[in-house]
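Protein chains in written order, with UniProt numbering: chain A, 1 to 279; chain B, 1 to 279; chain C, 1 to 279; chain D, 1 to 279; chain E, 1 to 279; chain F, 1 to 279.
6 protein chains.
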Amino acid sequence: MSSYKFECLNVSISPSGVAHVEISRPEALNAFNTQTWTEIGQCFTRFKVDGDVRSVVLSASGRMFTAGLDLKEAMTGPLSKPRDPDADVARKGYYHRLFILDFQSAISAVESCDKPVVVVVQGGCLGIGIDLISACDVRIATEDAYFMVKEVDIGMAADIGTLQRLPKIVGNDSWVREVCYTARKVTSKEAHFVGLVSNVHATTAEAMKAASDIAETIAAKSPVAIVSTKHLLNYSRDHSVREGLEYTALWNTLAHNSHDMATAIVSSLKRQPAHFPKL
Amino acid sequence: MSSYKFECLNVSISPSGVAHVEISRPEALNAFNTQTWTEIGQCFTRFKVDGDVRSVVLSASGRMFTAGLDLKEAMTGPLSKPRDPDADVARKGYYHRLFILDFQSAISAVESCDKPVVVVVQGGCLGIGIDLISACDVRIATEDAYFMVKEVDIGMAADIGTLQRLPKIVGNDSWVREVCYTARKVTSKEAHFVGLVSNVHATTAEAMKAASDIAETIAAKSPVAIVSTKHLLNYSRDHSVREGLEYTALWNTLAHNSHDMATAIVSSLKRQPAHFPKL
Amino acid sequence: MSSYKFECLNVSISPSGVAHVEISRPEALNAFNTQTWTEIGQCFTRFKVDGDVRSVVLSASGRMFTAGLDLKEAMTGPLSKPRDPDADVARKGYYHRLFILDFQSAISAVESCDKPVVVVVQGGCLGIGIDLISACDVRIATEDAYFMVKEVDIGMAADIGTLQRLPKIVGNDSWVREVCYTARKVTSKEAHFVGLVSNVHATTAEAMKAASDIAETIAAKSPVAIVSTKHLLNYSRDHSVREGLEYTALWNTLAHNSHDMATAIVSSLKRQPAHFPKL
Amino acid sequence: MSSYKFECLNVSISPSGVAHVEISRPEALNAFNTQTWTEIGQCFTRFKVDGDVRSVVLSASGRMFTAGLDLKEAMTGPLSKPRDPDADVARKGYYHRLFILDFQSAISAVESCDKPVVVVVQGGCLGIGIDLISACDVRIATEDAYFMVKEVDIGMAADIGTLQRLPKIVGNDSWVREVCYTARKVTSKEAHFVGLVSNVHATTAEAMKAASDIAETIAAKSPVAIVSTKHLLNYSRDHSVREGLEYTALWNTLAHNSHDMATAIVSSLKRQPAHFPKL
Amino acid sequence: MSSYKFECLNVSISPSGVAHVEISRPEALNAFNTQTWTEIGQCFTRFKVDGDVRSVVLSASGRMFTAGLDLKEAMTGPLSKPRDPDADVARKGYYHRLFILDFQSAISAVESCDKPVVVVVQGGCLGIGIDLISACDVRIATEDAYFMVKEVDIGMAADIGTLQRLPKIVGNDSWVREVCYTARKVTSKEAHFVGLVSNVHATTAEAMKAASDIAETIAAKSPVAIVSTKHLLNYSRDHSVREGLEYTALWNTLAHNSHDMATAIVSSLKRQPAHFPKL
Amino acid sequence: MSSYKFECLNVSISPSGVAHVEISRPEALNAFNTQTWTEIGQCFTRFKVDGDVRSVVLSASGRMFTAGLDLKEAMTGPLSKPRDPDADVARKGYYHRLFILDFQSAISAVESCDKPVVVVVQGGCLGIGIDLISACDVRIATEDAYFMVKEVDIGMAADIGTLQRLPKIVGNDSWVREVCYTARKVTSKEAHFVGLVSNVHATTAEAMKAASDIAETIAAKSPVAIVSTKHLLNYSRDHSVREGLEYTALWNTLAHNSHDMATAIVSSLKRQPAHFPKL
C-alpha cells in the first residue's frame, strides 16, 4: 500500500477491491496545481496493473469538488511560459506542447486504467474539474453541486479533455456548446436533466454511499468481464461500429478462455453467487 | 414467401410492404441459441434485396422479449470451445474469432438491411437482446418491459454490438457505463428518460399498434428516399461530418435521378397522396 | 458594412460584436432557393475573417422559420437536372455532385465560421431548415415552433447535413431515426425533451432576447478563447479522443501565447471585468 | 477434396499444404465471366477455414493469364443493366451497387483468406487480371508476360481493387497513374523495375517452380505465425502505425499462447527442423 | 478562352482537349510569389468544370522549373507576418493559419481538378516546386533536371504538400527522409531510380513531346473513365482498401450508366477507334 | 551527460549536436533482451527533450548488427509467460498485452523522438533488428550486411513494428510479403534495389562516415525546421493528405514565428552560412 502515498490525494483500497481516491488540497479548494494532476496520473496508472483494485470511487474533500486550475501557479508556472517575451516562440512552443500532452495524459489515465471509476461531485466543479469528471465512468452529484466549464474565463479553450469528452458523454450538443462558450453555472438538477450526472443525492454522505454501492457491485463481478467492458467501450467510442466489432471479436477470443465464464454461467444456472479471483 | 420459413422466427409481409418478424422460442423464453441468431441473419439479409419489404416490425412472443443467450448451449456449444484445455490456444482462437464475427454479422444484418426496423420490447430484454435492439432503428417498449446488459454476469464483455451501439444511440454515457458494469435492471420508464426507447405503451397490443403505425407510415414513402436515409444515417454515424457529407453527395447524385422526387414534389404541391413503386 | 448586403438576408453587427442575421423571404415563407443558401454561405464565410464579429444570432422573419426547400425551383432548377432524360447520366452526374457539394458547403460555413451561432426558431422549421439549425451551435425555440425532417416527403434523403449532424447533436437515436423516416411534426416541447433545443420561450421576442443574451455573453469573452473552443469542439467531434487531444495541445501551444490569458486571470483574481481586443 | 470442384478453376492441395489453383477457361483466354469470379470467391473463402491449406499458388492455363473481363457477358449481363433505359436509375442502382460489392468481395477473398498467395503471370494479364494479382501476396512473371490496366478502354474506372491496391503495392505513383490512365502495355521487365513483380523467369515452368518453392517454404513454417503475419500486414496497411501496433499487440497476446513458439525456438537453438501441426 | 488569362501562367487548350499550362516568371526563375500560386489555384479550379479540358501538360519556361518560394516576398509578405513582434501571437496566428490553408488549397487544386496532369521538369525544381509536382499525376524530367526539398534551408518545414505527398508517391522512405532533412541536390537519374519521375529525356523538347503524347492518349479516352480513375485513385490513397472499394462501388454505380461503356466495348470488339463526347 | 549511461548502449554527443548510439552486447551478438530495448526506449525518450541533440547516428558493435531477439530470455522471460499452463489465459493475457505495448513503445521512441536517426547496418540484421531499423529515418548498409525478417522462424508474427512500418518504407509489397513469410536472407544489394537502404558502402568505416556526414548536415540546419519536418512526416504517413495538410498548417502557424526563418532567408540571400541556436 505504500505505493499510494501522495501529497494531494488520499487513497485506500478495500478488501473487496474498491479503491477510494480523495482529492485533498483543502487550503486551495482543491485547485489543481502540477502536483495534483501529476499524482492523479501516477495513481491511476498504478491502478491499471494492480489486481487488488477492481473499481474506484473518486471524490474530493471539503466544501467544493475543485475550484479548477490553480491560478497562482498558472501565472508563474509552466502554463505562463508561452507568454515569456524573451524566448523564440517556436522553441518554447516545442516544449510547451509536450507539457500540455503530459497534463492530458495524467487525466486520461483515469480513462485508460481499465477499472471503472465512479465520481462524486459536491459543491462546485470548475474548469479542470470538468475535464476530470468527463474522464470518469459514472458521475453522481449532490444537490448543492454546480458545474462550470470555466476555461474561457481565463482566456483559453479547455484543453485537458472537456472539449473531446463532454460532447460524447452528454447527448445535447446545444447545451454542451452553450456552457462551453458562456462558462455559466449549471446546477446539479440541470446536469441530471441533460445526462451529465446519473443521479443526484441530498447529501454528500448519501452520494458517497450510492457511489460505493455501485463500485462494490462492480468489484464483485468477474474482473475479466469488467476491464474488458471498460476497455471496449473506450475503444468503440473512437472507432466505427464495424471496427469496434472486429476489435471486440479479437479481444473476446482471448477473454473467452477465462474460467470466469464457466464459473459465472454455472453460478447463474444454480442461482448462487460466484466468486472471481482478482486480475 | 416460402423463403421466409424459419424455426425460431415467424415472418409475414403485408401488402403495403411491412414485414413482421416475431422471435418465437417460447420453450426457452426466446433465449438465443445459434439457430436463432443464424436465422435472424438470414432473414434480414433477404429483406435487403426484397423489394416487397419496405419496413420491418420486430417483436418476440410470450412473456418476455428474450432471456438473452441460451446458457445451456453456451456451456457446450461454440462459445465454450476456447476453454477446452486440449487444444492449442492460438489454433482454436483462430476459428473462434471467426465464430464471433459470424454472430456479430447476423445481428448487424438488422442494421445493414437498409429497411427501417421498429422493435417492440415487452417483459425482459436481457444480454444479447440489448445487442439486437441496439441494431434496430426505433425502439418501443411496454410498461412492464425491463432491460439488462447482462453479459458481465456470465463473465464476459458484451461482444455482439451493445458496447459499440448503445453509447451511440443513448446520449448519457454515465448511465450507459453504469448499466454495462452492473448489469442492473432498467425499467421502461428509465429507458424512456435516457432515450433508449422512444415511447412506452401500457400493453403489448398498444405497443405493437404504435410500431405498426410507424412502419406503415414509412412503407408509404418513396422506398428510394427511405433506404437512402437509413444507409446514410449508418454511414454518417461512423465517419466525420465532412466524409458523411461527401458520401451523401455522391449517393444522392445517383438517387436524384429517381422519378420519385418529381412524383413527390408534384403530389406535395397538389396536396395529394403519392404512390411510389417498390424498390 | 457594405459587404453584408444581401437579397434574402438582413445582417447587422452590434458594437459589442454580435452579428444578427435574419433570413427574409417573406413572399415564400423563407423557402430556400439557390440565392438564399448561396448568401448564407457568403455571409458566414465573411464572418470567419471579420474581427468585428464575435458571435452570431440567426433568425428568420415572418410566421415560420422556413418552409424548407423552394419546391418551385426544385422542379426546374439545378436539383431537377439529374432527371433530364436527354443527357448521359454519368456526365450530368459529374456536375450535379459538385452542385450538391456547393450547397453543403454553404450551410457548413455556419459551422466553420468559428464564431458561435445561436439560432432562434419560431413557427415551422422544415427540411433544409433542419440542416441549417443542425449546423448552428445553440438552438432556442418558441412555444409555437415545430420541426419536420421533411426530405423523404419530396422523395429524397436529406443531403445538406441533417443526417450527419442531427444524430450527433441529439443523443436519442430512436427519436432521430423515427423523425427522419416519417417526416412527422415535432413540437418544441418534444424538441426540448430530446435535446434538439436548449430552451423554449413563450414568444419570439423572448426567444430573441434569450439568444441575444447568450450571444452578448459570448462576445464579451476573449475571442481567442471563443474561436478556439468552437474550432476544437468541431474538430473533436470528428476524431477520436486521442486525436482530439493531440490537435488541441498543438492549437493551444499557439493560443497560450495570447495576452488574453494573463488579462483574464488577473481580472479573475481581482474580480474585475476584463476587456479583450477583437480577433 | 470434393468441395473444391469448380467449372473454371482446377484446384489441388499437396500433402505439405500448398494449394494450387489454376484458372482455366481456355476457350475464352481465361476471360472473367460471373462464374469465374464467383468461383474464386468461393474457393478462397473455403481456404480460410481449411487447415489443410497453408499457402497457395495461383496461375492460369494457356497462353495468357487472362484477357480481362468477358466482354460478351459485359454487353448483356449484370454490368450492362445500369444502361437499361426502361428502369428507374435509382432503383436499378440500388441493386447494381450490391452487384459490384459482390464482385469486389470475391476478389478480396484472395486477400482475406489469411493464407499467403503466390501468383504466376504468363502471357497477358489485362483488366480484372490486375485487380486479381493485386490482391495476391507475391507476384512472379515470365519474360513474355505483359500487363495492362485496361478498364479505361472499356469506358470505366477499374472498380474491383486495382485503384485501391496497385498504388499501395508499387511505390512509384507516377508509373501507377500513367498506366491507369493510358492502359498501355507494360512488359515484365518494366513490371520488375517498378516492383509490381518480385521476379521474372524465362519460362512458365521456371516461374511455377519458383512460386512453388516459395509456397512450400511458407507451408513448412508455423501456420499460426504465417496467418498472423498475413492478417496483420493487411490490417496495418489500412491503419496508422499506432493502431497497427495496438491491434498487433492484442493479436499476439493470443498467438503467443501457441506451442509453436517453444517448438520453433527449441528447434532453432538446436539447429533442427521443426514440424508444426496444421491450423 | 478569355477565362484563362493570367500574369504568371500561359494557358492553351488543344482541340483534342489537352490543356498546356506554362509557368512563366522568367525575371525570377519562376519563383513562386502569391500571384503565381493564386493563379495556379484559379486555373486548375476552372479545369475541373471545363469539359473542353481532358488532360493537362504542366511545364515552366526558361532555364529552370522553379527556384522555389520567392524569398523577397517571403521577407515582407504574408509569410513574414508571424514574426511581427507588435501583434498578439494568437490573433495573428488565427489569420496566418488561414493563409497557409489557402496556399495549400491552390496547389491541391492540381490534384482535385480530376483531369490527369503530366508535368515536365527541366533545370532545377526547388522547394515549392516539389510541393507542386507531387500534386501532379505523372512526372517527366530532362537529363539536366535536379530536385531539392529546399524548405529546411529557409528555416521551416515544407508545408504545401511535399511532406504529405512525396512519401506516398515514392516508395523509398529512407531516401525521402534524407532529402527532406538535408535539402541536398537530387539528379534526374536518381529521381528516376527512386521513382519520383517516370522517365528522363535528353532535351526539354523530347520531354515535352513525351508528356504531350501521354496527355493526348488520355484525352482520347472516355472522359468519364478518366476523371473517375483520377478521382478514385485520390480517394483510395487516403482510405483503407475496404473504404476505397465501397466508395468506388457507389461511384461506378452512377458511372456505369454512361453510354461510353457500350461505345467502348463495341469499338473494342470491332477493333475500331471510339470517340467519346466531352464531359 | 551522466544521464546517458547504459549497460547495453554506448552514447556520446558531439558539440555539433550529433548523438552517436552504439548497441553493444558483444557477448550475445547484440541480441535484444529486455534490458536492451528498455534502454533504447529511455535513451531516445531523453533525446526528444535534449536540445543538445539535433540528429542521431545509430549503429551496433561487433560483427553483426543484431542476432535479433535474445532466445534464451524468450524461453524463460516475459515472452514465455502466455504459455504458462497454470494461469488463466485471460488474466495473464491482460498483463502480457501491456508487456508487448511497452516493448513496442521503446522501439517507437526512435520514431517519436523528433530528431532524425541515421542507422548503419553491418553483418546480419535479424528479427527485432528489422523492427528497429524500420523506425529509423535513413538506413545505410555495408556490403556484407544482410537482413532477415526472422520472426516466423520462432513461431510468431513480428509485433514490434516491422509489419506496420516495413510496407510503408519500401514500395514493393511483393518483396515485403515474401521476406516476411519466408524469413529468407536479403543481401545489402537487394536491400538497396528495393529501397530498404539508401546506400551501400564497402566497409563499416565508410558507412559510418556517410551516416555521420548526413547527421552533421542535419545538425547544422535550423532545429525548428528539422524536428518539424520529422514530426510532420510521421503525422502525415498516418493520415489522409487533407488531414496532413491541415495539421501541418497549424504546426507551421506556430513555427513560422521562429527567428530561424529570417536568419535562414537572409543567409540564403547573402549566400552565407547560417547558425541556429539549439532547440
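Glycine included, each C-beta is placed from N, C-alpha and C at the ideal position.
Note that the structure is a prediction, hence the values are computed from the model and not measured.
Does D159/A have its Cβ less than 8 Å from a Cβ in chain C? Walking along the first sequence from the start, residue 159/A turns up at place 159. Interface residue, yes.
Worksheet item: By the criterion of Cβ-Cβ separation under 9 Å, what are the contact partners of L101/E in chain B?
Response: The sequence position of residue 101/E within the fifth sequence is 101, counting from 1. Chain B residues near L101/E: none, gap ~14 Å exceeds 9 Å.
- Item | I23/A (DSSP reduced to helix, strand or coil) | Position 23 of the first sequence, counted from the first residue, corresponds to residue 23/A. Strand.
Is there a Cβ from chain D that is less than 8 Å from the Cβ of K270/E? Here the question's residue 270/E lines up with position 270 in the fifth sequence. Chain D contact via Cβ: absent.
Who are residue 280/F's beta bridge partners in DSSP? Beyond the ends of chain F as shown, which are 1 and 279, falls residue 280/F; an answer cannot be given.
From the beta carbon of D131/C, is the nearest beta carbon of chain A less than 8 Å away?
Here residue 131/C is taken as the residue at index 131 of the third sequence, counted from 1. Chain A, which has no Cβ nearer than 8 Å to the Cβ of D131/C, makes this no.
**Prompt:** Going along the chain, which residues of its own chain have a beta-carbon closer than 7 Å to the beta-carbon of N10/A, five neighbours each way excluded?
**Reply:** Counting from one through the first sequence, the residue named residue 10/A turns up at place 10. Excluding residues within five positions, the ones whose Cβ falls inside 7 Å are E22 and S24.
Original post:
Skipping 5 residues on each side, what residues in its chain have a beta carbon closer than 7 Å to that of F103/E?
Top reply: For the purposes of this step, residue 103/E is taken as residue 103 along the fifth sequence, with counting starting at 1. Here the set comprises W37 and I160.
My understanding is that R83/D touches M261/E, with C-beta atoms under 8 Å, so please give their C-beta distance in whole angstroms.
As a position in the fourth sequence, residue 83/D is number 83, starting the count at 1. As a position in the fifth sequence, residue 261/E is number 261, starting the count at 1. That pair is a contact at about 7 Å.
Comparing C-alpha positions only, which one of L196/B, V179/B and F44/B sits nearest to P116/B? Along the second sequence, read from residue 1 onward, the residue named residue 116/B stands at position 116. Answer by Cα proximity: F44/B.
_Any beta carbon from chain D within less than 8 Å of T187/A's own beta carbon?_
As a first step, residue 187/A is located in the first sequence; it is residue number 187 there, counting from the start. By this cut-off, T187/A is not an interface position.
Under 8 Å between C-beta atoms, does A211/A make it to chain B?
To locate residue 211/A, count along the first sequence from 1; it is residue 211. Answer no: the Cβ-Cβ gap between A211/A and chain B never drops below 8 Å.
Original post:
Looking at R237/C and V197/C, is the spacing between their C-beta atoms short of 8 Å?
Top reply: On the third sequence, residue 197/C is found 197 positions in, with the first residue counted as 1. On the third sequence, residue 237/C is found 237 positions in, with the first residue counted as 1. Not a contact, by the Cβ cut-off of 8 Å.
Closest to A158/B by CA distance: which of A274/B, L279/B and S134/B is it? Against the second sequence, residue 158/B aligns to sequence position 158. When only C-alpha atoms are compared, the closest one is S134/B.
Whose Cβ in chain E lies nearer than 8 Å to the Cβ of P116/F?
-> For the purposes of this step, residue 116/F is taken as residue 116 along the sixth sequence, with counting starting at 1. R177 and Y181, listed in chain order.
Check: Using the rule of at least 16 other Cβ atoms within 10 Å of the residue's Cβ for burial, across every protein chain shown, is H275/F buried or exposed?
Finding: Mapped onto the sixth sequence, residue 275/F falls at position 275. Its Cβ having fewer than 16 others within 10 Å, H275/F is exposed.
Which whole runs of the beta strand (DSSP E) in the segment 68 to 131 of chain D are 3 residues long or more, in chain order? 117 to 121 and 124 to 126
Margin query: Less than 8 Å between CB atoms is the rule here; does W251/F satisfy it with respect to chain C?
Written below: Within the sixth sequence, the letter at position 251 stands for residue 251/F. True, the Cβ-Cβ gap to chain C drops below 8 Å.
Q. At a Cβ threshold of 8 Å, is M1/D touching chain A?
A. As a position in the fourth sequence, residue 1/D is number 1, starting the count at 1. In this prediction, M1/D has a pLDDT of 48, which is less than 50 and means its spatial position is unreliable; nothing more can be read from the coordinates.
Notebook entry, point to check: Which residue's Cα is closest to the Cα of L71/D: Y94/D, S12/D and M156/D?
Noted result: Locating residue 71/D in the fourth sequence gives position 71, where the first residue counts as 1. Comparing Cα positions, the closest option is M156/D.
Under 7 Å from the C-beta of S198/B: neighbouring residues of chain A: Translated into the one-based positions of the second sequence, residue 198/B becomes position 198. The premise fails here: S198/B is roughly 14 Å from chain A at the closest Cβ pair, so nothing lies under 7 Å.
Closest Cα partner of Y146/F within the set D131/F, V152/F, Q122/F and D153/F
Position 146 of the sixth sequence holds residue 146/F. Among D131/F, V152/F, Q122/F and D153/F, the Cα nearest to that of Y146/F belongs to Q122/F.
Handout entry: Ranges of the beta strand (DSSP E) found wholly within the segment 130 to 202 of chain F, counting only runs of at least 3
Key = 138 to 142, 146 to 148 and 199 to 201
- Return the chain-ordered list of same chain residues with a C-beta closer than 7 Å to the C-beta of E39/F, the five sequence neighbours on each side being excluded. On the sixth sequence, position 39 is the one that residue 39/F refers to. Excluding sequence neighbours, E39/F sits near F6, E7, C8 and L9.
Note to self: I'd like to check one pair, G17/C with S254/E: are the Cβ atoms closer than 8 Å?
What the structure shows: As a position in the fifth sequence, residue 254/E is number 254, starting the count at 1. As a position in the third sequence, residue 17/C is number 17, starting the count at 1. First, the residue type needs correcting, since residue 254/E is Leu and not Ser in the sequence shown. Going by C-beta atoms, L254/E is not nearer than 8 Å to G17/C.
Practice problem: Return the chain-ordered list of same chain residues with a C-beta closer than 8 Å to the C-beta of R184/E, the five sequence neighbours on each side being excluded. | Solution: As a working mapping, residue 184/E is identified with position 184 in the fifth sequence. For R184/E, where only same-chain residues beyond five positions count, the Cβ hits under 8 Å are M148 and E178.
Residues of chain C with CB under 8 Å from S258/E, in chain order?
What you label residue 258/E is simply residue 258 of the fifth sequence in a count that begins at 1. Result: D88, V89, A90 and R91.
Checklist line | Neighbourhood of K150/B by C-beta, 6 Å cutoff - its chain only, sequence neighbours within 5 removed | finding: Here the question's residue 150/B lines up with position 150 in the second sequence. Within the same chain, K150/B has close Cβ partners G68, L126, G127 and A183.
Please say whether A211/C and V110/C have beta carbons closer to each other than 8 Å?
-> The count along the third sequence starts at 1 and reaches residue 110/C at position 110. The count along the third sequence starts at 1 and reaches residue 211/C at position 211. No, they are not a contact pair.
request  = Would you list the residues sitting across from V56/B in a DSSP beta bridge?
outcome  = Within the second sequence, residue 56/B is the residue found at index 56, counting from 1. BP columns for V56/B point to A19/B and V117/B.
Q.
Using a 10 Å radius around the Cβ and a threshold of 16 neighbouring Cβ atoms, would you call K278/C buried or exposed?
A. Reading the third sequence from its first residue, position 278 is the one you call residue 278/C. Flag for K278/C reads exposed.
Worksheet item: Is any beta-carbon of chain C found at less than 8 Å from that of G17/B?
Response: By 1-based counting over the second sequence, the position of residue 17/B is 17. So no, G17/B is outside the interface.
Cβ-Cβ separation, N30/A to G62/A (assumed contact under 8 Å), whole Å | Within the first sequence, numbered from 1, the residue matching residue 62/A stands at position 62. Within the first sequence, numbered from 1, the residue matching residue 30/A stands at position 30. Contact holds; Cβ gap of about 6 Å.
Straight-line gap, P223/E to I226/A (C-alpha atoms, nearest Å): Against the fifth sequence, residue 223/E aligns to sequence position 223. Against the first sequence, residue 226/A aligns to sequence position 226. Near 57 Å, if we compare the C-alpha coordinates of I226/A and P223/E.
Measure the Cβ-Cβ separation of G195/D and G171/E and say whether it is below 8 Å.
One-based indexing of the fourth sequence puts residue 195/D at position 195. One-based indexing of the fifth sequence puts residue 171/E at position 171. Contact flag set, yes.
*Take the Cβ of A202/D as the centre, count every other Cβ of all protein chains shown within 10 Å, and call the residue buried at 16 or more, exposed below.*
Position 202 of the fourth sequence, counted from the start, is the residue given in the question as residue 202/D. The residue in question, A202/D, is exposed, as its Cβ has fewer than 16 Cβ neighbours within 10 Å.
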